[in-house]
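Undergrad: Just so you know, we're using the UniProt record's numbering here: the sequence shown kicks off at 1 and counts up by one.
Just so you know, even glycine gets a beta-carbon here, dropped at the ideal spot from N, CA and C.
A quick note: this is a predicted structure, and the numbers were derived from the prediction, not measured.
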Amino acid sequence: MINSFNTRSTLTVGEKSYEIFHLKALLDQGYPVDRLPYTLKVLLENLLRTEDGVNVTRNSIKALLEWVVNAEPNVEIAFTPARVLMQDFTGVPAIADLAAMRDAMERLGGDPNRINPLSPADLVIDHSVMVDHFGSQDSLNLNIEMEYHRNRERYKFLRWGQNAFSNFRVVPPGTGIVHQVNLEYLASVVFTHKIDDIVQAYPDTLVGTDSHTTMINGLGVLGWGVGGIEAEAVMLGQPISLLLPQVVGFQLKGRMPEGATATDLVLTITEMLRKKGVVGKFVEFFGEGLTHLPLADRATIGNMAPEYGATCGIFPIDRETIRYLNLSGRSAETVALVESYAKEQGMWSEDGAQMADYTEVVELDISTIEPSLAGPKRPQDRVALKDVKAVFTHNLQAHLNKHCGIAEERFKNEGGGVAIGGSIDSKRGSVEVELNDEKTLLKHGAVVIAAITSCTNTSNPAVLVAAALLAKKAHVRGLTVKPWVKTSFAPGSQVVPAYLEKMGLMDSLNALGFNIIGFGCTTCIGNSGPLLKPVSQAINDGNLMVASVLSGNRNFEGRIHAEVQTNWLTSPPLVIAYALAGNMMIDLATEPLGQDKKGEDIFLKDIWPTAMEVSQAIDTHINRTLFQEHYSRVFTGDSYWQGIETATSQNYDWAPSTYIAHPPYFQGMSMEKCQISNIVDAHCLVMVGNSITTDHISPAGAIQPDSPAGEHLQAQGVKLKDFNSYGSRRGNHEVMIRGTFANVRLHNKIAPGTEGGWTTHIPSNEVMSIFEAAERYRKEATPLIILAGKEYGTGSSRDWAAKGVNLLGVKAVIAESFERIHRSNLVGFGVLPLQFISGENADSLGLTGREKFSISLSGNNVKNITVIAKGDDNKEIMFSTVVRIDTPKERDYFRNGGILHYVLRNLARQFPATT
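See below:
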């Protein structure tokens, strides 16, 4: 490697010496690196260490050194992460792609054994457990048995990959949520790598195939979510191409007030930054408020970076970082290296002081934080606890107007909070159900799911202990969870129940039905399982607007459960409180949760634990021994995992399977680049509005029996009980293409009056499933486009939202704006992202979606492209769009038909097969 800035140096820690690329050496050369934001120092070190004159040049390093705080991003750099992190929903298709690339490598005359991760890659199986069983002591074991029954084919494939690919590790099911395992065990903060006889030390950096990879930012580790496509390229040695970002400083002042939690803080930050607009920017937290903010709270804030739109939300390395590394069982050698390296490189923070010059600074006095929820369908829509009843009432009225034809005056006259279930009982509108051998009324606003789940909160002992203490006080006072509520508790790691058992709090959680149902990401990704049958029937019969309350990070439409229209994010103790109340139509600040054995009202404030109670429990019972004991067998797995037999071949034997199928992306591929053809007379397959998420495009939850995917599985002999989820079947393109745009809440404007995966086949004017229409267009040799509004592709870093669109025959997506990861994924799979010019959209241009669209793709480095839309009357609408292929490297990917095709061709040329 080149060392044109002469920064190679030696750092000695104890008896060991490490090669480092010394940032302070640049001060002597006149570069004010001490004023660079923390994240840019990490990127600078990365460029200095990987300078090769090709991907990383002296000029690109110089551009970073001369970073202008408020300049629009226009300088491309090549970032080489130290490692890659995956979860199984996104990891299985990534490993399937690598297996298919080995086969394609042989066909192209290359050495298939060169298809291996060059960067260390870890995959944590955490997305496959579903809440089939709940509310009993055997829920965990029953769900584990069901998980292995459903996913044995997938797990067998991953065990093959663990053996076949070098530099690749798998953390078995039941260990914990990927981000908490990363936080508690995998991350090193300072990475070490031996080259010949020299050990280099440098910042631990990563990309992950889950949006919430940013949780590790709380530990001072720079990382963010990417699509599986991009992650595969990184594993194969490709740097990530990105534009030097703007960096927003977020100053925290004060300390948390009594009664507020880290969840309330992060929902407030999410609301603030979404309104501010930080998409594509880095956010760094600083200020004296950090001195009162535990590492777990920082991780909770970092986790939600995708929700507030930033690429990352990072905290500096400081005393709290060192405290947490010691607590979580890291070695003394690791801890000493982290502190010495951070101080030597100017990456150490004292007392939260501002470390850098920022593009702009946002301030928050955290003493003003109040208990909050976010909902009913977006994580940035924060609602103060005291206002939830009113907000829900407003949304309910809209629901009644739309579905039941009930006027607002009648709604008010009948008490507002009384359910009005239409045809079931026109007077009071409630639906009678029988639960636990007793008849009761299910009403609008009923909380039917209450889940302590997701990496956002299950990494945080403070909110989990608070929830457990609240459960204990509620149980002692005689409160019980309402019978229609499906309760669940999915800890982020096995350390969590260990410390709750030590505190004597698990029995109280169990008594209220919050038994552990598994270790993984469950309700937050749609793995909530079925509702109680009488509850499900009542919701559908009465057209009831019910709710889920979860301690997660995502509540998009159709994500949590198909029958639940409103979903609310909140802290674990409030999840339990709403389970006790049983309905959203209650003001928890002023109305009682219930009555004790004497008939006296019990209010939330009566059972809410104090900050002192929580901190005493944590300080007394959580120690490094717990972490060391439970992570000593992190890669071992249980008897189920160890009992899975798998092949040892270097190439995968693609046996028939409804879970794993040979990806079609490399069929017919040659060593020559694709010919970029103009798009002529394309039809619009889907036309949607703002905030269309990757959940709308490629759902992860339940597969409906009457959907194209459900019908396909039944045709393959799969029984309904074995459908599993879309997320678990991402290794099979035949299922996933049929699941593209299959979200039950999708509203396609060219199929008015429908909800779900429907469209209109324009030539015949027939309404049909989107998959069926795409197949008909394919037979007619008709290219397709998508029209969309703002924030297209928000949400999870779901590469199937790009893969599925590609396989449906979509050539271009024209939107008002794109979410960062999804835009990159579209390019990475050969789909052209075009953006309406500012102030224009489909509506302002008079587009109906029924036109024929033509797009000329001739010319190199085109920044703007004119689209011609021709209506039935042959009238033409011409409009300009911005080409959102943002970097030269992305142009290379697009011209090759996608990032994997680009990498495969290069590797085949570089490593021909040996004879």
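How about Val92 and Arg798: do their beta carbons lie closer than 7 Å?
TA: Not closer than 7 Å, so no.
Undergrad: Would you say Met687 and Leu845 are within 7 Å of each other, going by their C-beta atoms?
TA: The answer is no: Cβ separation not under 7 Å.
Undergrad: Within its chain, find whatever has a CB closer than 8 Å to the CB of Leu140; leave out the 5 residues flanking it on each side and keep chain order.
TA: Excluding residues within five positions, the ones whose Cβ falls inside 8 Å are Asn515, Ile516, Ile517 and Gly518.
Undergrad: By Cβ distance below 8 Å, which residues in the same chain neighbour Phe627 in space, the five residues on each side in sequence not counted?
TA: The answer, listed in chain order, is Glu184, Tyr185, Leu327, Ser328, Gly329 and Val495.
Undergrad: In its own chain, which residues sit with a C-beta less than 6 Å from the C-beta of Asn460, not counting the 5 before and 5 after it?
TA: Excluding sequence neighbours, Asn460 sits near Ala262, Ala296 and Thr300.
Undergrad: Are three or more beta carbon pairs between the stretch 775-789 and the stretch 806-820 nearer than 8 Å?
TA: Enough Cβ pairs lie closer than 8 Å, so yes.
Undergrad: Expressed to the nearest angstrom, what Euclidean distance is found between the alpha-carbon atoms of Leu337 and Leu252?
TA: Using only the alpha carbons, I get a separation of about 28 Å.
Undergrad: Between which two residues does the alpha helix (DSSP H) carrying Ile452 extend?
TA: Run containing Ile452: none in the alpha helix (DSSP H); it sits in the beta strand (DSSP E), Val447 to Ile452.
Undergrad: If you reduce the DSSP assignment to three classes, tell me which class Arg410 lands in.
TA: Since pLDDT at Arg410 reaches only 45, below the 50 mark, its modelled position is unreliable, and no value is offered.
Undergrad: Alpha carbon to alpha carbon, what distance is there between Thr794 and Val42?
TA: So the alpha carbons of these two residues sit roughly 27 Å apart.
Undergrad: In the structure shown, what three-state DSSP assignment does His212 receive?
TA: Helix.
Undergrad: Can you name, in chain order, every residue of its own chain whose Cβ lies under 8 Å from the Cβ of Phe879, other than the five neighbours on each side?
TA: Closer than 8 Å at the Cβ level, and outside the excluded window around Phe879, lie Phe836, Ile837, Glu840, Leu845, Thr866, Val867 and Ala869.
Undergrad: Let me know the secondary structure DSSP gives Pro763 once reduced to three states.
TA: Reduced to three states, the DSSP call for Pro763 is coil.
Undergrad: If I'm right that Ile770 touches Val810 with Cβ under 8 Å, what's the distance once you round it to whole angstroms?
TA: Contact doesn't hold; Cβ gap of about 10 Å is too wide.
Undergrad: With DSSP run on the structure shown, which of helix, strand or coil describes Lys533?
TA: Lys533 falls in the helix class under three-state DSSP.
Undergrad: Spell out the partners DSSP gives Val207 in its beta bridges.
TA: Per DSSP, Val84 and Trp224.
Undergrad: So the candidates are Gly220, Met130, His179 and Leu290; which of them puts its Cα closest to the Cα of Phe723?
TA: Comparing Cα-Cα distances from Phe723 to each of Gly220, Met130, His179 and Leu290, the minimum goes to Met130.
Undergrad: Please report the straight-line C-alpha distance between Glu230 and Gly161, rounded to a whole angstrom.
TA: Taking the straight line from one Cα to the other gives about 19 Å.
Undergrad: Mapping the DSSP letters down to three states, classify Asn732 as helix, strand or coil.
TA: Here Asn732 sits in coil by DSSP.
Undergrad: Which residue from Lys721, Asn748 and Val388 puts its Cα closest to that of Thr570?
TA: Nearest of Lys721, Asn748 and Val388 to Thr570, Cα basis: Val388.
Undergrad: Output yes or no for whether 7 Å exceeds the beta carbon distance between Ala579 and Val485.
TA: Yes, the pair counts as a contact, with Cβ atoms nearer than the cut-off.
Undergrad: Going by DSSP, which residues form a beta bridge with Ile77?
TA: Note: Ile77 sits in a beta bridge opposite Leu242.
Undergrad: If you compare alpha carbons, which of Glu363, Glu339 and Trp568 is closest to Val448?
TA: Comparing Cα positions, the closest option is Trp568.
Undergrad: In terms of residue numbering, what span does the alpha helix (DSSP H) encompassing Tyr659 cover?
TA: No alpha helix (DSSP H) contains Tyr659, which DSSP labels as neither H nor E.
Undergrad: Checking 7 Å against the spacing of the C-beta atoms, do Ser493 and Gly176 come in under that value?
TA: Against a cut-off of 7 Å, the Cβ pair of Gly176 and Ser493 comes out as a contact.
Undergrad: Terminal residues of the continuous beta strand (DSSP E) containing Met304?
TA: It is not in any beta strand (DSSP E) - Met304 carries neither H nor E in the DSSP assignment.
Undergrad: Tell me which residue opens and which closes the beta strand (DSSP E) that Asn457 is part of.
TA: Unbroken run through Asn457 is the alpha helix (DSSP H), Cys455 to Thr458; no beta strand (DSSP E).
Undergrad: I need the DSSP call for Ala468, collapsed to helix, strand or coil.
TA: Here Ala468 sits in helix by DSSP.
Undergrad: Under a three-way DSSP split, which group does Pro173 fall into?
TA: Pro173 falls in the coil class under three-state DSSP.
Undergrad: For Lys412, which residues of its own chain have a beta-carbon under 8 Å away from its beta-carbon, when the five flanking residues on both sides are left out?
TA: Here the model assigns Lys412 a pLDDT of 45, short of 50, so the residue's position is not dependable and the matter cannot be decided.
Undergrad: Could you spell out the range, first to last residue, of the alpha helix (DSSP H) harbouring Ala164?
TA: Here the alpha helix (DSSP H) through Ala164 covers Ser139 to Ala164.
Undergrad: For Ile424, collect the residues of the same chain with a Cβ closer than 7 Å to its Cβ; drop the 5 residues on either side in sequence, then sort them by chain order.
TA: Confidence at Ile424 is low in this model, with a pLDDT of 34, below 50, so its placement is unreliable and no value can be given for it.
Undergrad: Specify, as a first and last residue, the run of the beta strand (DSSP E) that Ser880 falls within.
TA: Its beta strand (DSSP E) spans residues Glu876 to Val883.
Undergrad: When DSSP labels each residue in this structure, what does Val903 get in the three-state scheme?
TA: In the structure shown, Val903 sits in a helix (DSSP, three-state: H, G or I).
Undergrad: Within 10 angstroms of its Cβ, does Ala332 collect 16 or more other Cβ (buried), or is it exposed?
TA: Ala332 comes out exposed.
Undergrad: Compare the C-alpha of Val535 against each of Leu505, Leu442, Lys605 and Ala474 and name the closest.
TA: Of Leu505, Leu442, Lys605 and Ala474, the residue nearest in Cα terms is Leu442.
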